[in-house]
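Going down the list, the sequences are from chains A and B. The opening position of the first sequence corresponds to residue 11 in my numbering, with each subsequent residue numbered one higher. The opening position of the second sequence corresponds to residue 11 in my numbering, with each subsequent residue numbered one higher. Beta carbons are placed, not taken as given, at the ideal position from N, Cα and C, and that holds for glycine. From a predicted model like this one, the values you see are computed outputs, not experimental measurements. Notes follow the structure.
Number of protein chains: 2
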Amino acid sequence: MEADIVLKNGLILTMDEGFNFHEKADLAIKDSKIIDISPQTKYKGKKTIEARGKLLMPGLINCHTHAAMAMMRGLADDMAFETWWHDFIFPIEKRLLDPDFIRVGAGLAAIEMIKSGTTTFNDMYFFEDVAAETCRQVGIRSYLGETVMSAETPDKKTPDEALKLIEEMKEKWRDDPIVHLTVAPHAPYSCDEAALKKSKQLSDRLDLPLHIHIAETAGEVEAFKATHGGSTPVEYLASTGFLSEKVIAVHCVHLSRHDIELLKKHDVKVAHCQESNMKLAVGSAPIVEIQNEGIVVGLGTDGAASNNNLDMFDEMDSAAKFHKATHADPTVMPAKTVVKMATRDGARLLGRSDLGSLAIGQTADVIIVGLNRPHLVPLYNIYSNLVYSAGGGDVDTAIINGKLIMENRKMLTVDEGEIIDRANHLAKKIEREVKHA
Amino acid sequence: MEADIVLKNGLILTMDEGFNFHEKADLAIKDSKIIDISPQTKYKGKKTIEARGKLLMPGLINCHTHAAMAMMRGLADDMAFETWWHDFIFPIEKRLLDPDFIRVGAGLAAIEMIKSGTTTFNDMYFFEDVAAETCRQVGIRSYLGETVMSAETPDKKTPDEALKLIEEMKEKWRDDPIVHLTVAPHAPYSCDEAALKKSKQLSDRLDLPLHIHIAETAGEVEAFKATHGGSTPVEYLASTGFLSEKVIAVHCVHLSRHDIELLKKHDVKVAHCQESNMKLAVGSAPIVEIQNEGIVVGLGTDGAASNNNLDMFDEMDSAAKFHKATHADPTVMPAKTVVKMATRDGARLLGRSDLGSLAIGQTADVIIVGLNRPHLVPLYNIYSNLVYSAGGGDVDTAIINGKLIMENRKMLTVDEGEIIDRANHLAKKIEREVKHA
Numbered sequence: 011m012e013a014d015i016v017l018k019n020g021l022i023l024t025m026d027e028g029f030n031f032h033e034k035a036d037l038a039i040k041d042s043k044i045i046d047i048s049p050q051t052k053y054k055g056k057k058t059i060e061a062r063g064k065l066l067m068p069g070l071i072n073c074h075t076h077a078a079m080a081m082m083r084g085l086a087d088d089m090a091f092e093t094w095w096h097d098f099i100f101p102i103e104k105r106l107l108d109p110d111f112i113r114v115g116a117g118l119a120a121i122e123m124i125k126s127g128t129t130t131f132n133d134m135y136f137f138e139d140v141a142a143e144t145c146r147q148v149g150i151r152s153y154l155g156e157t158v159m160s161a162e163t164p165d166k167k168t169p170d171e172a173l174k175l176i177e178e179m180k181e182k183w184r185d186d187p188i189v190h191l192t193v194a195p196h197a198p199y200s201c202d203e204a205a206l207k208k209s210k211q212l213s214d215r216l217d218l219p220l221h222i223h224i225a226e227t228a229g230e231v232e233a234f235k236a237t238h239g240g241s242t243p244v245e246y247l248a249s250t251g252f253l254s255e256k257v258i259a260v261h262c263v264h265l266s267r268h269d270i271e272l273l274k275k276h277d278v279k280v281a282h283c284q285e286s287n288m289k290l291a292v293g294s295a296p297i298v299e300i301q302n303e304g305i306v307v308g309l310g311t312d313g314a315a316s317n318n319n320l321d322m323f324d325e326m327d328s329a330a331k332f333h334k335a336t337h338a339d340p341t342v343m344p345a346k347t348v349v350k351m352a353t354r355d356g357a358r359l360l361g362r363s364d365l366g367s368l369a370i371g372q373t374a375d376v377i378i379v380g381l382n383r384p385h386l387v388p389l390y391n392i393y394s395n396l397v398y399s400a401g402g403g404d405v406d407t408a409i410i411n412g413k414l415i416m417e418n419r420k421m422l423t424v425d426e427g428e429i430i431d432r433a434n435h436l437a438k439k440i441e442r443e444v445k446h447a
Numbered sequence: 011m012e013a014d015i016v017l018k019n020g021l022i023l024t025m026d027e028g029f030n031f032h033e034k035a036d037l038a039i040k041d042s043k044i045i046d047i048s049p050q051t052k053y054k055g056k057k058t059i060e061a062r063g064k065l066l067m068p069g070l071i072n073c074h075t076h077a078a079m080a081m082m083r084g085l086a087d088d089m090a091f092e093t094w095w096h097d098f099i100f101p102i103e104k105r106l107l108d109p110d111f112i113r114v115g116a117g118l119a120a121i122e123m124i125k126s127g128t129t130t131f132n133d134m135y136f137f138e139d140v141a142a143e144t145c146r147q148v149g150i151r152s153y154l155g156e157t158v159m160s161a162e163t164p165d166k167k168t169p170d171e172a173l174k175l176i177e178e179m180k181e182k183w184r185d186d187p188i189v190h191l192t193v194a195p196h197a198p199y200s201c202d203e204a205a206l207k208k209s210k211q212l213s214d215r216l217d218l219p220l221h222i223h224i225a226e227t228a229g230e231v232e233a234f235k236a237t238h239g240g241s242t243p244v245e246y247l248a249s250t251g252f253l254s255e256k257v258i259a260v261h262c263v264h265l266s267r268h269d270i271e272l273l274k275k276h277d278v279k280v281a282h283c284q285e286s287n288m289k290l291a292v293g294s295a296p297i298v299e300i301q302n303e304g305i306v307v308g309l310g311t312d313g314a315a316s317n318n319n320l321d322m323f324d325e326m327d328s329a330a331k332f333h334k335a336t337h338a339d340p341t342v343m344p345a346k347t348v349v350k351m352a353t354r355d356g357a358r359l360l361g362r363s364d365l366g367s368l369a370i371g372q373t374a375d376v377i378i379v380g381l382n383r384p385h386l387v388p389l390y391n392i393y394s395n396l397v398y399s400a401g402g403g404d405v406d407t408a409i410i411n412g413k414l415i416m417e418n419r420k421m422l423t424v425d426e427g428e429i430i431d432r433a434n435h436l437a438k439k440i441e442r443e444v445k446h447a
C-alpha cells in the first residue's frame with residue numbers, strides 16, 4: 011500500500027489526549043493526512059525518511075505574530091515602549107510599508123519559522139493579501155488577519171476596507187488547505203465601537219477566529235477605563251457582546267479577577283507572548299491563574315521587533331522559567347504543559363482539532379527534531395529536553411499539510427539565500443530612513 | 011610572514027574597551043596569540059578560514075557551572091528545590107559519582123559548551139583531576155575547583171583533601187595553557203570556619219580565584235543569620251577576612267544593601283546564573299543594582315540539571331529580558347552590556363585581561379558565528395542579534411588558545427559521537443538507580 015511519505019523508526023511524541031509516546035515507530039502520510047502510526051508500517055512511501063534516533067512531533071503553532079516585522083528585528087531595542095513605537099516602528103511602517111516590504115518580510119519570517127519548527131502561525135499585520143501569496147509559496151500554514159484600526163493604518167485602509175479585504179481573501183482562498191483567514195481588530199483602544207462590532211459580525215458570518223490584542227500595558231488599561239466609565243477592556247468587550255469562543259485574546263497582561271472570569275465564561279482563548287512581554291517590560295501576564303480556570307492558552311512570539319526572533323523553542327523555555335520565578339515555585343508551568351501550549355492548545359485556540367497532535371486521521375503537520383546532539387543528551391524526559399534544552403536549530407525537517415517543506419534544514423519550496431539577500435537589501439533602505447528621521 | 015591561522019574577511023566584534031567593530035577584516039593567530047587584526051593582513055596562514063559574512067568575536071566565558079552534571083540534564087525538573095536536591099541530585103551523586111561519571115559528564119559538557127560558543131568555563135564539582143584530563147583532551151579552557159565541603163562529599167574528600175588535590179593539580183598543570191585551577195569552597199553554610207579559612211589561605215598562597223556560592227536561596231540566608239548572630243553570609247565572610255578581589259561570588263540572589271556595599275568594598279566579582287535562578291525559582295538577583303555599584307558581573311549557566319543546557323546565548327537572552335521585566339523598564343540590561351558580561355567581564359572575573367576581547371597580543375580564544383541565517387537577518391545591531399536572536403547552534407567554529415577546536419560545527423579534537431554514546435550508556439545506569447530509589 012502506498013503512502014506519499016513514510017517516516018521510519020522515529021521516537022514519536024503524539025501530544026494526543028493520552029500524551030502517548032512511541033519509542034520507535036513509523037509514521038505514514040498520504041495526501042494531507044496521517045494514515046498510519048505503528049511499529050512497522052505496512053505502507054511504502056514514495057518518499058521515505060529515516061528518523062532513527064530522531065523525534066517526530068506535531069509542528070509548533072505560533073499563536074501570535076506580525077510576520078513581516080522580521081524586517082525590523084534589532085532596529086530599536088532596549089528603549090522605552092513609547093520611544094520604540096513612536097520613534098521607530100510606527101514611522102517606519104508609515105513611510106515604508108508596501109507590498110514589497112510584506113513580500114520580503116513575510117518570506118523571511120516564514121522561512122525562519124519553518125527552520126525553528128513552526129508549521130502554523132497566526133498573523134496580524136497589513137497587506138495580508140500579499141502575505142498570503144508569499145506564505146503559500148513557502149508552504150507554511152498561515153492564519154492571516156488584516157489589521158482593523160480606526161486610526162489610519164500604514165496600508166491606508168479604513169476598518170471597512172480591511173474587513174472587505176478579509177472577505178475577499180476568504181473567497182479567493184476558499185479551498186486552500188494552508189491559507190486561512192482571521193478577523194483582526196487591533197485592540198479595544200485602537201478600534202471604535204463600530205469597528206469592533208463589524209469585526210465581530212464578519213467573524214460570525216464567515217466563521218473566522220477573532221484575533222485581538224487585549225490589555226498589553228497597564229497604561230493602556232488605565233486610559234481605557236478613564237474613557238469607558240471605569241470598565242476594563244475585557245468588561246467592555248463582554249458588555250458589547252464581542253467575546254465568544256472564537257476570540258483569540260493576545261497578551262492579557264493586565265487582567266482583573268473579574269476579567270479572567272469573563273474570559274472563562276465566554277470561552278475566550280488566550281495567546282501568551284512571554285518573551286515580548288519581558289523585553290518590552292509590560293508586566294507579568296497571569297497565565298497560571300488563567301490556565302487554572304481551564305482557559306485555553308497558546309504561545310506566540312509576537313513580532314521579531316519585540317522578541318527578537320520567531321523561535322517557539324525559546325518561547326517555551328522562557329514561559330516555563332518566567333512563571334516559576336514570579337510565583338517563587340518551580341513546580342509551576344511544567345515542561346509538559348508548555349509543550350502542550352505550543353502544540354495541542356495552539357490548535358484548539360485556532361479551532362483546529364485536526365492539528366497539534368499526531369494520530370491517524372490528523373492533518374500531517376509534522377516536524378523532525380534531531381536528538382543526537384550534546385545539549386539533548388541524556389534523554390530522560392522528552393518534555394524537559396524540548397523546553398529547557400532544545401532550540402529551533404535542532405529541527406531538521408518539516409512537513410506541512412502532508413508536503414515536505416524542509417529536509418535536513420534545507421528549504422525545498424523557496425530559495426532561502428535569495429530571500430535573505432532581498433531582506434538585506436530592503437534593510438539598507440530602512441536604515442537610511444531611520445537615519446533621516 | 012607566517013601565521014598559524016588566518017581568518018579572512020570577517021566582521022569583527024572586538025569587545026575591547028572602545029567596543030570597536032570592523033565591518034570586514036582579517037585576524038591572524040600565531041601560537042596562542044592574536045598577532046594581527048587588519049583589513050588585509052600581511053600574514054599567510056598555515057590554515058586559512060574564509061569568514062565572509064560571518065562574525066568573529068571573543069569566545070564566551072561561562073562563569074559558573076558544574077560540568078559533569080550534564081549527565082543529570084532533565085532527570086528531575088519542575089519540582090521543589092528540596093525535592094530536586096534531596097531526592098534526586100544528591101542521592102545520585104552519592105551513589106554513582108566516580109571518575110568514569112566525571113570523564114563522561116565533563117566530556118559531554120565540554121563539547122556542548124564549545125558547540126555553543128563557550129571557550130572558557132569556571133567549574134565547581136568533584137574529581138576535578140579527572141575533569142582536567144578530559145577538558146584538556148577536548149581543548150576547552152577550564153577553571154577547575156574541587157568542591158570543598160565540611161559534610162562528606164560524593165568523592166569522599168575532607169576539606170583538607172580537596173584543597174590538597176587543588177595544590178597537586180596546580181603543580182601538575184603548572185605550565186598548561188588551558189587547564190587552570192580555582193579554590194572552591196561550596197558555600198558559607200556548607201563550609202565551617204576552618205574550611206573557609208584554609209580555602210582563603212590556599213587561594214592567597216597559589217594566587218587562585220576563590221569560587222563560592224553565596225545567598226542563592228532566601229531560606230539559606232535566613233538559616234545562616236539564625237546561627238551567626240544575625241550576620242548575613244556576606245557580612246560573615248567580610249568579617250572573617252574572606253572577601254577579596256579574587257572571590258567569585260555565585261548567585262547573590264538574596265543580598266542586602268549592606269551586602270552589596272561589602273562586595274563593592276572588597277572588589278568581589280559576581281557570577282550571575284539567570285536561567286538557573288528562574289528555573290529553581292530562588293528569586294531575582296539584584297544584578298542591576300550590583301552593576302550600578304561598578305561591581306564586575308559575569309554570566310554562568312550553572313549545571314545542566316538546573317538550566318537545562320550550557321548555552322550562553324540562552325543565558326544572555328534571559329538575563330537581558332528578565333531584568334527588564336522585574337524592573338518594569340525595557341532600558342535596563344541592554345544587549346551591549348550583556349555581551350560584555352559574557353565576554354570581557356567574564357575575563358575580568360577570572361583575572362584574565364588577555365581574554366574576553368579581540369586585539370593584537372590577546373590570547374586567541376575566538377569564535378565564528380554564522381550570520382547568514384533567517385533569524386539573524388537583518389543586521390542592524392550586532393549586540394541585539396547576538397543576545398535576542400542568536401542561539402548556540404549559530405556558532406560555526408571555535409579556536410581556543412590559538413588551536414582550532416571545532417570547524418563548521420565538527421569537533422576536531424575528540425569523537426563527538428563516541429562521547430554521546432558513552433553518555434547515553436551511563437544515563438541508563440543513572441535511570442536504573444533512580445527507579446530503585
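Segments assigned alpha helix (DSSP H), at least 4 residues, entirely inside the segment 228-309 of chain B: Qualifying alpha helix (DSSP H) stretches, in chain order: 228-237, 243-249, 267-275, 284-289, 297-302.
Backbone CA spacing between L389 of chain B and I430 of chain A [nearest angstrom]: 11 Å
Close-in-space but distant-in-sequence residues of the same chain around S209 of chain B (CB under 6 Å, 5 per side omitted): V158, V193, P195
Through-space distance from A225 of chain B to G356 of chain B, alpha-carbon basis: 20 Å
Validate contact between the segment 91-106 of chain A and the segment 347-364 of chain B using beta carbons, cut 8 Å, 3 pairs: no
Closest Cα partner of F137 of chain A within the set A:A228, A:V148, A:I124, A:E178: A:E178
Cross-chain neighbours of K387 of chain A in chain B, by beta carbon under 7 Å: Reading off the sequence, residue 387 of chain A comes out as Val, not Lys. Within 7 Å Cβ-Cβ: L118, I430, A433, N434.
The alpha helix (DSSP H) enclosing M322 of chain A, as first and last residue numbers: 322-337
Partner residues on chain B for P340 of chain A, Cβ-Cβ distance less than 7 Å: By Cβ distance, chain B contributes D88, M89, A90, F91, K289, L290, A291.
Y450 of chain A at chain B interface by Cβ criterion, 8 Å: In the structure as shown, chain A begins at 11 and stops at 447. Residue 450 of chain A is therefore absent and cannot be evaluated.
Validate contact between the segment 87-101 of chain B and the segment 47-54 of chain B using beta carbons, cut 8 Å, 3 pairs: no
Other residues of its chain near A400 of chain B: CB distance less than 7 Å, five sequence neighbours each side excluded: F323, V379, L386
A80 of chain A beta carbon less than 8 Å from that of A314 of chain A: yes
Assigned secondary structure, F98 of chain B (DSSP; H/G/I helix, E/B strand, else coil): helix
For H223 of chain A, the three-state DSSP class (helix, strand or coil): strand
Given 8 Å, three or more beta-carbon pairs between the segment 61-69 of chain B and the segment 411-421 of chain B: no
Cβ-heavy atom distance, D88 of chain A to the ligand MN, below 7 Å: In terms of ligand content, the structure shown is empty, and the ligand MN therefore cannot be addressed.
Best match in A:K43, A:E27, A:G293 for proximity to V16 of chain A [C-alpha to C-alpha]: A:K43
Rounded separation between I71 of chain B and Q372 of chain B - CA only: 15 Å
Cross-strand partners of A194 of chain B (DSSP beta bridge): In the DSSP assignment, A194 of chain B forms a beta bridge with B:T157.
Beta carbon proximity, D186 of chain A to chain B, threshold 8 Å: no
Contact with chain A by D110 of chain B, beta-carbon distance below 8 Å: Not an interface residue.
Which listed residue (A:T311, A:V257, A:K289) has its alpha carbon closest to that of W94 of chain A: A:K289
Spatial distance of A116 of chain B from E428 of chain B (CA atoms): 14 Å
At least three beta-carbon pairs within less than 8 Å, the segment 227-241 of chain B to the segment 257-267 of chain B: Judged by Cβ distances under 8 Å, the segment 227-241 of chain B makes contact with the segment 257-267 of chain B, as three or more pairs qualify.
The segment 318-331 of chain A: positions lying closer than 9 Å to chain B by Cβ: Answer in chain order: N318, N319, L320, D321, F323, D324, D327, S328, A330, K331.
Boundaries of the alpha helix (DSSP H) in which A437 of chain B is found, first to last residue: 426-446
is_contact[I121 of chain A, chain B] using C-beta, thresh 8 Å: yes
Minimum Cβ-Cβ distance from Y398 of chain B to chain A less than 8 Å: Yes, because at least one Cβ of chain A sits closer than 8 Å to the Cβ of Y398 of chain B.
Presumed contact (8 Å Cβ cut-off) between F91 of chain A and V292 of chain A, rounded CB distance: 7 Å
For D202 of chain B, the three-state DSSP class (helix, strand or coil): coil
Inter-residue Cα distance where the pair is A161 of chain B and K207 of chain B: Take the alpha-carbon of A161 of chain B and the one of K207 of chain B: they are about 16 Å apart.
Simplified DSSP state of L414 of chain A, which is helix, strand or coil: strand
Closest residue to A77 of chain B among B:G403, B:H268, B:R383, B:M134 (Cα-Cα distance): B:M134
T75 of chain A to I258 of chain A span [Cα, whole Å]: 12 Å
Cβ separation of L368 of chain A and P49 of chain A, assumed to be a contact under 8 Å, to the nearest whole Å: With 8 Å as the limit, L368 of chain A and P49 of chain A do not qualify as a contact, their Cβ atoms being about 15 Å apart.
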